[in-house]
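Asks:
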Amino acid sequence: MKAHGTAHKYGDNVDTDVIIPARYLNTSDEKELAAHCMCDIDEDFIHKIKGGDILVAKDNFGCGSSREHAPIAIKACGISCVIAKSFARIFYRNAINIALPIMECEEAGERIADQDEITIDFDSGIITNLTKQETYQAQPFPEFMKHIMAQGGLLQSISKEDW
Amino acid sequence: MLGNDITSPVAIKEFDQHGFMKVFDSQKIALVMDHFAPNKDIKAAKQCKTCRSFARRFDIAHYYDVGDMGIEHALLPEKGIVAAGECIIGADSHTCTYGALGAFSTGVGSSDMAAGMASGTCWFKVPSAIRFELINSLSEGVSGKDVILHIIGRIGVDGALYRSMEFGGSALSSLSMDDRFTIANMAIEAGAKNGIFEVDDITIGYMKERVTRPYQIYQPDPDAYEQIITIDLSQLRPTIAFPHLPENTKTIDEITEKITIDQVVIGSCTNGRLSDMKMAADILKGKHIAKDVRAIIIPATQSIYKECIKRGYIDTFIDAGCIVSTPTCGPCLGGYMGILAEGERCVATTNRNFVGRMGHVNSEVYLASPAIAAYSAIAGYISGK
């Protein structure tokens, strides 16, 4: 699996309240959530992104609440992958569980600038910055996480017959 | 396994979409309608209705709605639904609160909740651990909130990322259960997977009145830690987290400027317990809050609310010019019941002060103890006396 798109760059501690503010949590509709994605950190976010674009941030992306609405909103607005130097743990597992591709990579989170053109090879974990002509190696996922992602999410991956 | 009126509807949708026909154990699931309940609008009403029908369909034993609900992380320990040695996941980040009882308790998302309800299982990576060795005892006017704000200020909002924060030491015997709940509650604000306390006589005494099933006490291994941080409680001062991160802390003595405020909120899963109400009432008794300050006080559960009435705290609050609300998370996450306008400032005993957390993106939240919140309400600016 590969991704290719333009980077949209943010800083440290992008929290779930700015990814999707609580005032929009009275719905679980993906399209409604997507319409407000990142609105409290960047009002123009949903207007400037194109399908397949890549969200890039520094440390502790997705800190704060457990709201799965945050990765749902990001995925539903067409972002193909989130790259960060580090992720807050609940966001990390939520992203895996809904099969939103994420990459933890110190160097990529630091080096990639806003509007850089990026390709990602999910199998090798290699992130290529076409604008800067650089490559970065991300942490590969353990097998069970790859399995969840490949199935399309946690619920798809657990066998119904077992329960 | 726990969910609330925000996270459960997403989980229920996934549970249904994937065709699950039964829950793993109807006695081990708790659904608490606390975030936007009593329903703040039609959409919130629909979300609670979804949870209610699910609870009735699967005969969920611990379903709490308007009338008997409280803020989930105050309610579950109070009802004896969580106990030492148990493994609890909750679709709410502050599920780490129950570590105060010596449980492994952690926040997850709605997919985990759906899978957990169906299967009774969850995937984990075993975290490494940081021990906080607590020594000596807190000075007058300093409480659990100051301890955890001090720690977050020291290690940062990702200082315990993916790790377990474990609390022990000789100071434990001087820390009440309410202080411990407050400390464990905010472990997530340092990025931790969980916050856990060693179990002692105080924990056992608390559970004795509430937990009827057998529970297990686990002791930490001495070589379990990647780091040990000693905190001398006697050196701590009232601590306030400035906008817009819980790590932006200053002690009350370090605040030299006069920071005027528009609102005070005393409540939440962090500080809505009886001792928090007492702390506020002792300060507000016979006083009146400053002109143009709104003070909203929210006892976290019905039994705390009733005890506040019995002890005269509610009279004290109302006479001081505060309002008292039925239990709800409401303003903490900017849901309702105290939203801030552009440029407004609030001192809150809640747990997060992110951009836009309590309302407008240009409003500000200062996190503090109930004592600082009460003093500030009277003064009209952030004050420690």
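Just so you know, the sequences run in chain order A and B. Here the numbering used here is used: position 121 in the first sequence is 121, and no number is missing along the way. Here the numbering used here is used: position 237 in the second sequence is 400, and no number is missing along the way. For glycine and all other residues, C-beta sits at the position ideal for the given N, C-alpha and C.
Distance, Cα to Cα, Glu161(A) vs Ala207(B)?
Replies: On the first sequence, residue 161(A) is found 161 positions in, with the first residue counted as 1. On the second sequence, residue 207(B) is found 44 positions in, with the first residue counted as 1. Residue placement at Glu161(A) is flagged as unreliable, the pLDDT there being 49, under the threshold of 50; a coordinate-derived value is accordingly withheld.
Asks: With a CB to CB cut of under 6 Å and the five nearest residues on each side skipped, what residues in its chain are close to Ile394(B)?
Replies: For this step, residue 394(B) is matched to residue 231 along the second sequence. Cβ within range, chain order: Phe295 and Leu297.
Asks: Checking contacts by CB at 8 Å: is Ile394(B) closer than that to chain A?
Replies: By 1-based counting over the second sequence, the position of residue 394(B) is 231. By this cut-off, Ile394(B) is not an interface position.
Asks: What are the residues in the segment 210-233 of chain B lying within 7 Å of chain A by C-beta distance?
Replies: Against chain A - using a Cβ distance shorter than 7 Å - the residues of the segment 210-233 of chain B are Gln210.
Asks: Which residues does DSSP list as the beta-bridge partners of Cys250(B)?
Replies: Within the second sequence, numbered from 1, the residue matching residue 250(B) stands at position 87. Paired residues: Phe267(B).
Asks: Nearest to Ile481(B) by alpha carbon, out of His451(B), Met280(B) and Asn167(B)?
Replies: As a working note, residue 481(B) is residue 318 in the second sequence. Answer by Cα proximity: His451(B).
Asks: Please check if any C-beta of chain B sits within less than 8 Å of the C-beta of Pro21(A).
Replies: To locate residue 21(A), count along the first sequence from 1; it is residue 21. It does; some Cβ of chain B falls within 8 Å.
Asks: For Asp478(B), tell me which candidate among Ala443(B), Gly272(B) and Met280(B) has the shortest Cα-Cα distance.
Replies: The count along the second sequence starts at 1 and reaches residue 478(B) at position 315. Residue Ala443(B) is the option with its Cα nearest to Asp478(B).
Asks: Provide the residue span of the alpha helix (DSSP H) that contains Lys2(A), from first to last.
Replies: Position 2 of the first sequence, counting from 1, holds the residue named residue 2(A). Premise fails: Lys2(A) lies in the beta strand (DSSP E), Lys2 to Lys9, not in any alpha helix (DSSP H).
Asks: For Asn97(A) versus Gly153(A), is the C-beta spacing smaller than 8 Å?
Replies: The count along the first sequence starts at 1 and reaches residue 97(A) at position 97. The count along the first sequence starts at 1 and reaches residue 153(A) at position 153. Result yes, Cβ atoms of Asn97(A) and Gly153(A) sit closer than 8 Å.
Asks: Mapping the DSSP letters down to three states, classify Val229(B) as helix, strand or coil.
Replies: On the second sequence, residue 229(B) is found 66 positions in, with the first residue counted as 1. Three-state DSSP puts Val229(B) in coil, outside helix and strand.
Asks: Quick check on Lys85(A): buried or exposed, where buried means 16 or more other Cβ atoms within 10 Å of its Cβ?
Replies: On the first sequence, residue 85(A) is found 85 positions in, with the first residue counted as 1. The residue is buried, with at least 16 neighbouring Cβ atoms inside 10 Å.
Asks: Leaving out the 5 sequence neighbours to the left and right, which residues in its chain are closer than 6 Å to Gly319(B) when beta-carbon positions are compared?
Replies: In the second sequence, the residue the question calls residue 319(B) occupies position 156. Closer than 6 Å at Cβ, skipping near neighbours: Glu410.
Asks: How is the alpha helix (DSSP H) around Ala76(A) delimited, first residue to last?
Replies: Translated into the one-based positions of the first sequence, residue 76(A) becomes position 76. From DSSP, the alpha helix (DSSP H) with Ala76(A) extends over His69 to Ala76.
Asks: Look at the alpha carbon of Glu241(B) and the alpha carbon of Arg373(B), and state the distance between them as a whole number of angstroms.
Replies: Along the second sequence, read from residue 1 onward, the residue named residue 241(B) stands at position 78. Along the second sequence, read from residue 1 onward, the residue named residue 373(B) stands at position 210. Rounded to whole angstroms, Glu241(B) to Arg373(B) spans 7 Å at the Cα level.
Asks: Under a CB-based cut-off of 8 Å, is Val82(A) close to chain B?
Replies: Counting from one through the first sequence, the residue named residue 82(A) turns up at place 82. Cβ-Cβ to chain B under 8 Å: no for Val82(A).
Asks: Nearest-angstrom Cα distance between Asp53(A) and His8(A)?
Replies: The residue labelled residue 53(A) in the question sits at position 53 within the first sequence. The residue labelled residue 8(A) in the question sits at position 8 within the first sequence. Those two C-alpha atoms are separated by around 8 Å.
Asks: Near Ala483(B), which residues of its chain fall below 6 Å by C-beta distance, leaving aside the five closest residues on each side in sequence?
Replies: Looking up residue 483(B) in the second sequence gives position 320. Hits under 6 Å: Leu447, Lys450, His451 and Ile452.
Asks: Note down, in chain order, all residues in the segment 270-283 of chain B with a beta-carbon under 7 Å from any beta-carbon belonging to chain A.
Replies: If the cut-off is 7 Å between Cβ atoms, the segment 270-283 of chain B has Gly270, Val271, Gly272, Ser273, Ser274, Asp275, Ala277, Ala278, Ala281 and Ser282 near chain A.
Asks: Let me know the alpha helix (DSSP H) ranges lying completely inside the segment 501-545 of chain B, each 4 residues or longer, listed in chain order.
Replies: 533-542, all fully within the segment 501-545 of chain B.
Asks: Taking the beta carbon of Met328(B) as the centre, do at least 16 other beta carbons fall within 10 Å, making it buried, or is it exposed?
Replies: For this step, residue 328(B) is matched to residue 165 along the second sequence. Counting Cβ neighbours within 10 Å, Met328(B) comes out buried, since at least 16 surround it.
Asks: List the whole-angstrom C-beta distance separating Cys432(B) from Thr260(B), where the pair is believed to meet the contact cut-off of C-beta under 8 Å.
Replies: Walking along the second sequence from the start, residue 432(B) turns up at place 269. Walking along the second sequence from the start, residue 260(B) turns up at place 97. About 6 Å; that satisfies the 8 Å criterion.
Asks: Spatial neighbours of Glu106(A) within its chain, please: CB distance less than 6 Å, with the 5 preceding and 5 following residues excluded, ordered by chain position.
Replies: Against the first sequence, residue 106(A) aligns to sequence position 106. Correct list, in chain order: Lys85.
Asks: Quick test of your reading: Asp40(A) and Val524(B), contact by CB under 8 Å. State the CB separation rounded to the nearest angstrom.
Replies: Mapped onto the first sequence, residue 40(A) falls at position 40. Mapped onto the second sequence, residue 524(B) falls at position 361. Going by Cβ atoms, the distance from Asp40(A) to Val524(B) rounds to 5 Å, so yes, they are a contact pair.
Asks: Which two residues bound the contiguous beta strand (DSSP E) that contains Ile461(B)?
Replies: Along the second sequence, read from residue 1 onward, the residue named residue 461(B) stands at position 298. Here Ile461(B) belongs to no beta strand (DSSP E), and DSSP marks it neither H nor E.
Asks: Could you tell me whether the segment 268-279 of chain B touches the segment 248-258 of chain B, using the rule of 3 or more Cβ pairs below 8 Å?
Replies: Yes: the two stretches touch, three or more of their Cβ pairs being nearer than 8 Å.
Asks: Quick check: what's the CA-CA separation for Ala70(A) versus Val14(A)?
Replies: Here residue 70(A) is taken as the residue at index 70 of the first sequence, counted from 1. Here residue 14(A) is taken as the residue at index 14 of the first sequence, counted from 1. Computed Cα separation, rounded: 11 Å.
Asks: Which residues in chain B sit within 7 Å of Ile90(A), going by Cβ to Cβ distance?
Replies: Residue 90(A) sits at position 90 when you count from the first residue of the first sequence. Within chain B, the residues near Ile90(A) are Ser256, Gly270, Val271 and Gly272.
Asks: Measure from the alpha carbon of Gln465(B) to the alpha carbon of each residue in Lys191(B), Asp168(B), Asp197(B) and Ala193(B), then state which is nearest.
Replies: Within the second sequence, residue 465(B) is the residue found at index 302, counting from 1. When each option's Cα is compared against that of Gln465(B), the closest is Asp197(B).
Asks: Is Asp44(A) close to chain B, meaning its C-beta is less than 8 Å from at least one C-beta of that chain?
Replies: In the first sequence, the residue the question calls residue 44(A) occupies position 44. Judged by the 8 Å Cβ criterion, Asp44(A) is not in contact with chain B.
Asks: Do Ala334(B) and Ala174(B) have their CB atoms nearer than 8 Å?
Replies: As a position in the second sequence, residue 334(B) is number 171, starting the count at 1. As a position in the second sequence, residue 174(B) is number 11, starting the count at 1. The answer is no: Cβ separation not under 8 Å.
Asks: Specify whether the segment 406-420 of chain B and the segment 487-504 of chain B touch according to this definition: at least 3 beta carbon pairs, one from each stretch, less than 8 Å apart.
Replies: Short answer: they don't touch.
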